[in-house]
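Only one structure is covered here, and it is reproduced in the block below.
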Amino acid sequence: MRGLVFCALYVGFVFGTNAVTVNTIYGQINGFNYNTADGRTANIFLGIPFAKPPIGELRFEKPEVPGPWKEPLDATKFAPSCTPHHRSGIPGEHSEDCLYLNVIAPAEESKNPAGHPVMVWVHGGGYCVGTAKTYGYKNISENFATRNVIVVTIQYRLGPFGWLSSGDSVLPGNLGYWDQRAAIRFVKENIASFGGDPNRITLFGLSAGGGSVSSLSLSPHSRDLFAQTIEMSGSAFAPWAASDSIVQSTLELALELDCQIADSKEMKRCLKSKTSDEFLDAVDATGAAQRGLNILKFGPWIDGDFFPEDFEKLVEDSPKKPTIIGLVNKESAFFTTEGNLKPINKLLVKPEDYANYGEDDLIEFINGVIAPEAIFGQQTTEVRNRFVQHYVKRDEPDDKNYEFYLNRYTELVSDALFNIPCLRMKNAKVADGWPVWFYFNDHHNVGAFKDNAPVKGE
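Okay, structure coming up:
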């Protein structure tokens, strides 16, 4: 009897009075409650594995379903972030063992017998940095659980660990997308245990997360796992969301790691033997990013597997699901003048260089990055002139200064990286009968910018 009392006290001490438990197809999960400001309760489950750890022999392989756990799973703290592609992107504790998700759910049972609607958040970060931990659980509880919506935040492999490719079936690439698919499949199979409706799953994401959601809506491997999408500031048509240089970046990295072997299987075996620190050192040596519209060294590409056709054909063939696509004003100020996402940012004009930025700099960017002769050939001069007329000469004020040119530079980069790709996806989906809603935010938070910021946008 005394033993039973001790066990009861021990359980109460470990889990507290706010413990909550669910049973999934993989086993029992223990989480905790969070009390919101309006007096409601959210059930919190952190660090749930949705795949086997992609380490050892499973490194550079498609994710495998997790085995069932015999003991209750402690889901009371966030898992480490996925190892980024560059040390400057390390947010704290990180690991290659990072395929975990978090569930924030209303404690109150849904009035709908099918369960609460579910939203799965895919974080951004250029496919090379980012973590679910950034979003915590408190704000999500206050903003979503109080509205009877379940939110799931997921992680996926980043940088070379998630996106390198040899260009063949040995290292086909797009492992980060396979991770996202595995997470969504886990949600669809298990969300009913958390009070959710597996038939009302909405994917949403921002930037690379938006590009991911856009892409997941098209792939035959993922598009049937959810009901609808919200694609925020990202599109599968973006130059950074379908790179043509992944194989070359992989070969450069393999060379730096002494793994550039003609036989792909041997190269893969060699890459598996290297430590994550050796990979980070190699990225330091080869460069974390490249200057251009395809700014990423490692990211998605049309591989013939996850994407068996080009995006236009996949839009045509995919089920026509409700879609929200959106943009914000001067999106690329995040890169051009604010200097964010440094691990992949080759577009920044540094504050000390603001005052010297002028017409020649903008034209040089147009000639070298937007309209290089290697791409446009005999049409190069005509194409460059059109860009100059629109982004440099259009409505030129008499007193044009560096702020004018920095704003036009930001407008150009925003169009190339975000606006045109998102509009292209919107137009393609509408033309093929998808129900699409489009938004554009043009208000910016004054408090988010320094008084002397030359470019201010949402």
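Per mature numbering (1 follows the signal peptide of the UniProt record, and there is no 0), the sequence shown runs over residues -19 to -1, 1 to 439.
Glycine included, every Cβ here is placed at the ideal spot set by N, Cα and C.
Per DSSP, reduced to three states, the secondary structure at I276 is coil, with no helix or strand assignment. The three-state secondary structure of G190, taken from DSSP, is helix.
Here K374 is exposed. Its C-beta has fewer than 16 other C-beta atoms within 10 Å. If the five residues before and after I211 are omitted, its C-beta is found closer than 6 Å to the C-beta atoms of F185, I305, all from its own chain and listed in chain order. Of all alpha-carbon atoms in S224, G176, T127, the one lying nearest the alpha-carbon of I276 is that of S224. Between the region 86 to 93 and the region 46 to 63 there are fewer than three C-beta pairs closer than 8 Å, too few to call the two in contact. Here the C-alpha atom of L393 lies approximately 21 Å from the C-alpha atom of F419. By the CB criterion at 9 Å, V132 and I165 fall outside the cutoff. Here the region 356 to 376 makes no contact with the region 256 to 273; the two share fewer than three CB pairs at distances below 8 Å.
At the C-beta level, G177 and V99 come within 9 Å of one another. Exposure of D149 is indicated by the presence of fewer than 16 other C-beta atoms within 10 angstroms of its C-beta.
For Q209, the uninterrupted beta strand (DSSP E) run begins and ends at 209 to 213, by DSSP. The C-alpha of A219 is placed about 8 Å away from the C-alpha of A397.
Assignment of I356 by DSSP, reduced to helix, strand and coil, places it in the helix class. Under DSSP, the beta-bridge partners assigned to V1 are G12. Within the region 89 to 147, the runs of beta strand (DSSP E) that reach at least 3 residues and sit entirely inside it are, in chain order, 97 to 103, 131 to 135. In the structure shown, D342 falls within a helical segment according to DSSP collapsed to helix, strand and coil. R162 and L39 have their alpha carbons spaced roughly 17 Å apart.
For A235, the enclosing alpha helix (DSSP H) has its first and last residue at 227 to 237. The beta carbon of V417 is closer than 7 Å to those of T304, I306, K407, K410, V411 in its chain, skipping five residues each way along the sequence. For T231, the closest of V151, N388, L308 by C-alpha to C-alpha distance is V151.
Pairwise C-beta distances place the region 242 to 254 in contact with the region 28 to 45, as three or more of them are shorter than 8 Å. Counting C-beta atoms within 10 angstroms of its own C-beta, V427 has fewer than 16 neighbours from the protein chains shown and is therefore classed as exposed. Counting C-beta pairs closer than 8 Å gives fewer than three between the region 232 to 246 and the region 179 to 193, which falls short of the contact rule. Three or more pairs of CB atoms, one per stretch, sit closer than 8 Å, so the region 139 to 146 contacts the region 279 to 290. Judged by DSSP in its simplified three-state form, H66 adopts coil rather than helix or strand. With contacts defined as CB atoms closer than 9 Å, F421 and N337 fail to qualify as a contacting pair. Rounded to whole angstroms, the gap between the alpha carbons of A243 and E45 is 28 Å.
Distance from Y116 to T134 at the Cβ level is roughly 6 Å; contact confirmed, criterion being Cβ atoms closer than 8 Å.
DSSP places G157 in the uninterrupted alpha helix (DSSP H) bounded by 156 to 171. Assignment of beta-bridge partners to N433 by DSSP yields no partner. Taking a contact to require three or more Cβ pairs closer than 8 Å, the region 296 to 303 and the region 198 to 216 qualify as touching. Taking the Cβ atoms as the reference, F292 lies roughly 6 Å from L199, within the contact range of under 8 Å. Judged by their CB atoms, V1 and G12 are nearer to each other than the 9 Å cut-off. Counting along the chain, the unbroken alpha helix (DSSP H) around T267 starts and ends at 257 to 267. Distance from the Cα of V110 is smallest, within the candidate group D262, A189, T391, for A189.
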